[in-house]
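>
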Amino acid sequence: MDTQQYMAMFLEESMDNLQTLNESLLELEQAPEDVNKLNEIFRVAHTIKGMAATMGFSQMAELTHKMEDVLSKFREGELKVTQKVVTVLFECLDTLENMVNNIQEGTNQEMEIDFLMKELESIAHNKLDEEVEIKEVEAAVSSVNVAETSEIVDRIQLNEYDLNVIREANYRGYNSYEIKIILSETTLLKSARAFLVFKNLEESGEIIKSIPSTEELENENFEFEIKLVYVSTRDLNSIYDSLMNISEVEKVIVLPIEAEKAGTYKKNTDGMAVKEAETQNSKPQKIENRKLSAEKDTASVDKDGAAHKKTHQSVRVDLERLDRFMNMVSELVIHRTRLEQISSSHKLQELSETLEGVARTTSDLQDLVMKIRMLPLDIVFNRFPRLIRDLSVELNKEIDFVIKGADTELDRTVIDEIGEPLIHLIRNAADHGVETKEERVRKGKNPVGTIKLIAYQEGTKAVIKVEDDGNGLNVEKIRAKAEKTGINTDGMSESDIKNLIFAQGFSTSEKVTDISGRGVGMDVVKTKIASLGGTVDVVSEVGKGSSFIIKLPLTLQIIQALLVKVGTETMAISLGYIDRVIDFEEGMVKKTNNREVIIYRGNVIPLVRVNKKLDLEGQDNKNKFVVIAKVGDKTTGLLVDSLLGQQEIVIKPLGRTLQSLKQYIGATILGDGLVTLILDAAALI
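Residue numbering for the sequence shown follows our numbering, beginning at 310 and increasing consecutively.
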């Protein structure tokens, strides 16, 4: 039988079934006596087994069959649902997901399932008692050694989180290494040498584990040996040479961690510690399918003339075709604008009447393609209950996870990119926000902590909040850390000081954990969200909790913008940022803390002279304007030379050469063919 014609259906339905299993297992863990949930899990597992066997994927069918044995014991009451048993079943799900990913990517790599099969067999025969810990998977390391091939290095023990980071790094084209550094015994400032080692490595990669910990290194509480696990695009020899160039480093051993032995990347389970700036260009692009739904009441008639209602019709469309459709509509908007300008210039009445109809049609077409590209946030949110479950087990904290507004829709481009920042925020909330049970009881709080993930639409933006009822942010602690790192906090409001946590490398964590606390994460969150044209702010109260508020544009393709003149250049500013526009007079400007401000309606608003910010020569005209822009809870006045009106524009990304220009989110082509840069109000503020 030729199974290829059914491959797309098998892949999509397998991923849907695995997600259903994931959610159902979480619910079963909370309600072990729920027979209906057990039956549903058994049915879904049986479906996966049958589909895999039909398609000839015997290893997948074999693993699912063993899972069925355990699930049967649940149904028959011979086995109790415990955290350890559910953990093993989750490991099976992750392995099945890896198998589906391998099939999708066309790799015939066999997965290691012997260990899981034995675990399932033990559970089925009631041999897995509570005292038996599930074995920790170790990443095997190759014997290649740049310094001395004969030397045997004591292996660093890697836990499951470390392995997940390594798997994701490998998946994204990064190399993983185990590094041993031995300092000279005459070294006086060992912590300074350790700092240079970390600085050298983190310029082009990420250290995901350190023995001793960074706190011990800072306090010189170690001998002369440092062991690290490191991911980077650099090759082995380059790392060795650069470390050996650091004075008082006596010996360096660099060993690659083999991707095959460490396991395959587990998709959708964990975020990664590698800075986004370094991963975004190497992320492989996948062509996915999605269902396009047209919900309409259409009637069909059979031979006997009986009408049948079809309430829901859908067709699968390749996303690449959708992207091309979107680009064509964008080009149509550009040509329409050009025609409108020609008609206006030549005062062609007949053409302008026709163009009104064209404008209406293109607007409708644009709305339609936007809606087709929109996806509910549930696609991203549905992976987080499992993440919270794993974190609560790892941290030994009880966490109640609440999701609201998962049906809020966003452009697919935004949906694809928002997952990683949210993982960082949720991890931080679980690790640093929510206190331990004992501490919460001591403070008179509910021993069960709460993390909320809330989404809703607000005008042309989507708002996503990650809230916790934990410790909150300590302003004085942040201020002290800022002063220590050379940031002047004079004149800063409490809100400004709290937002310093988004500065690069800024962390108030006293210890490095496997969950968070390396000073990497919050800056990645802000950079990522800014690249999507959004903003992130934090509102927090000590002892009450924190709320991280993300605001994102609903779409990244076609926006309404205000065209302005800055010097002789035409620029565009998204209307999503603009609160109002006022006339400017030089007498309005005051100075405070050596910064220019204007007083408007009793409010002190910082003033940014856009021409100076962009290093452009301003115009001498007296009729200048202040565009009052709001980004998050910050309001700033942008001084421009003149206004050219409002227009619908198509955002075109800047090429690689101009990617470093952070003041712009892209460019557009106006009706007269002029290429115009679109200002990033968030970056200017």
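Don't be surprised by glycine CBs; every beta carbon is placed ideally from N, CA and C.
For a quick check, are the C-beta atoms of residue 295 and residue 837 less than 7 Å apart?
Limits of the chain in this structure are 310 at one end and 994 at the other, which puts residue 295 out of reach.
> Can you tell me whether residue 317 is helix, strand or coil according to DSSP?
Three-state DSSP puts residue 317 in a helix.
> Using DSSP with H/G/I as helix, E/B as strand and the rest coil, what is residue 878?
Strand, per DSSP.
> Just to confirm, is the Cβ distance from residue 467 to residue 402 under 7 Å?
No, Cβ-Cβ distance for residue 467 and residue 402 is not below 7 Å.
> Could you name the residues that DSSP lists as bridge partners for residue 710?
DSSP output for residue 710 lists 760 as bridge partner(s).
> Less than 8 Å between the CB atoms is what I'm expecting for residue 764 and residue 657, so what's the real figure, rounded?
With 8 Å as the limit, residue 764 and residue 657 do not qualify as a contact, their Cβ atoms being about 47 Å apart.
> Taking C-alpha atoms, which residue in 485, 713 and 993 lies nearest to residue 1032?
Only positions 310 to 994 of the chain appear in this structure, which leaves residue 1032 out of reach.
> Which runs of the beta strand (DSSP E) spanning at least 3 residues fall entirely within the stretch 704 to 748, listed in chain order?
Listed in chain order, the complete beta strand (DSSP E) runs (minimum 3 residues) inside the stretch 704 to 748 are 708 to 713 and 718 to 720.
> DSSP on residue 938, reduced to helix/strand/coil?
Strand at residue 938.
> Please list the segments of the beta strand (DSSP E) lying wholly inside the stretch 894 to 960, counting only runs of 3 or more residues, in order along the chain.
Runs of the beta strand (DSSP E) inside the stretch 894 to 960: 898 to 901, 904 to 909, 912 to 918, 934 to 940, 943 to 949 and 951 to 959.
> Got a sec, what are the start and stop residues for the alpha helix (DSSP H) residue 507 sits in?
Taken as a continuous stretch (DSSP letters only), the alpha helix (DSSP H) holding residue 507 covers 499 to 511.
> Could you check what DSSP says for residue 438 in three-state terms: helix, strand or coil?
Confidence at residue 438 is low in this model, with a pLDDT of 43, below 50, so its placement is unreliable and the value that follows should be read with caution. Coil.
> Note down the Cα distance separating residue 990 from residue 741, rounded to an integer number of angstroms.
Distance between the alpha carbons of residue 990 and residue 741: 31 Å.
> So what does DSSP say about residue 974, is it helix, strand or coil?
Strand, per DSSP.
> I'd like the list of long-range same chain contacts for residue 992, defined as Cβ closer than 6 Å, with 5 residues on each side in sequence excluded.
Counting only Cβ-Cβ distances below 6 Å, and skipping sequence neighbours, we find 971 and 972.
> Spatial neighbours of residue 756 within its chain, please: CB distance less than 8 Å, with the 5 preceding and 5 following residues excluded, ordered by chain position.
Closer than 8 Å at the Cβ level, and outside the excluded window around residue 756, lie 707, 746, 749 and 750.
> If residue 350 and residue 380 are in contact, beta carbons under 8 Å, what's the gap, nearest whole angstrom?
Indeed, because the Cβ distance is near 6 Å, the residues count as touching under 8 Å.
> Can you say whether residue 547 is buried or exposed, counting buried as having 16 or more other CB atoms within 10 angstroms of its CB?
The residue is exposed, with fewer than 16 neighbouring Cβ atoms inside 10 Å.
> Nearest by alpha-carbon distance to residue 776: which of 689, 711, 988 and 744 is it?
Here the closest residue by C-alpha is 711.
> Can you tell which of 316, 752 and 717 has the C-alpha that lies nearest to the C-alpha of residue 413?
Among 316, 752 and 717, the Cα nearest to that of residue 413 is on 316.
> Where residue 345 and residue 419 are concerned, what is the direct C-alpha to C-alpha distance, given to the nearest angstrom?
Spanning the two alpha carbons is a distance of roughly 34 Å.
> Following the continuous alpha helix (DSSP H) through residue 267, name the residue where it begins and the one where it ends.
This structure cannot settle anything about residue 267, because the visible part of the chain is limited to 310 through 994.
> What would DSSP say about residue 609, mapped onto helix, strand or coil?
With a pLDDT of 41 at residue 609, under the threshold of 50, the predicted position of this residue should be treated as unreliable, though the coordinate-derived value follows. Strand at residue 609.
> Quick test of your reading: residue 835 and residue 811, contact by CB under 8 Å. State the CB separation rounded to the nearest angstrom.
Rounded, the Cβ-Cβ distance is 4 Å, consistent with contact.
> For a quick check, are the C-beta atoms of residue 520 and residue 490 less than 7 Å apart?
Against a cut-off of 7 Å, the Cβ pair of residue 490 and residue 520 comes out as no contact.
> Between the beta-carbon of residue 782 and the beta-carbon of residue 807, is there less than 7 Å?
Their beta carbons are under 7 Å apart, which means residue 782 touches residue 807 by this criterion.
> DSSP three-state call for residue 354: helix, strand or coil?
Three-state DSSP puts residue 354 in a helix.
> Identify which residue in 680, 967 and 648 has its Cα closest to the Cα of residue 667.
Among 680, 967 and 648, the Cα nearest to that of residue 667 is on 648.
> Residues bridged to residue 642 by DSSP?
DSSP, once it has assigned bridges, lists no residue as partnering residue 642.
> Is the CB-CB distance between residue 917 and residue 860 below 7 Å?
The answer is no: Cβ separation not under 7 Å.
> Residue 790 by DSSP, collapsed to three states: which one?
It is helical.
> Smallest Cα separation from residue 352: which of 363, 377 and 361?
Among 363, 377 and 361, the Cα nearest to that of residue 352 belongs to 377.
> Is residue 466 near the ligand FAD, with its Cβ less than 6 Å from a heavy atom?
The ligand FAD is not part of the structure shown, which contains no ligands of any sort.
> Counting C-beta neighbours from all protein chains within 10 Å, is the total for residue 737 16 or more, i.e. buried, or is it exposed?
Buried, since its Cβ has 16 or more Cβ neighbours within 10 Å.
> Mind checking whether residue 875 and residue 940 have CB atoms under 7 Å apart?
Taking 7 Å as the Cβ cut-off, residue 875 and residue 940 do not qualify as a contacting pair.
> When we look at the beta-carbon of residue 566 and count the other beta-carbons within 10 Å, is it buried (16 or more) or exposed?
It counts as buried.
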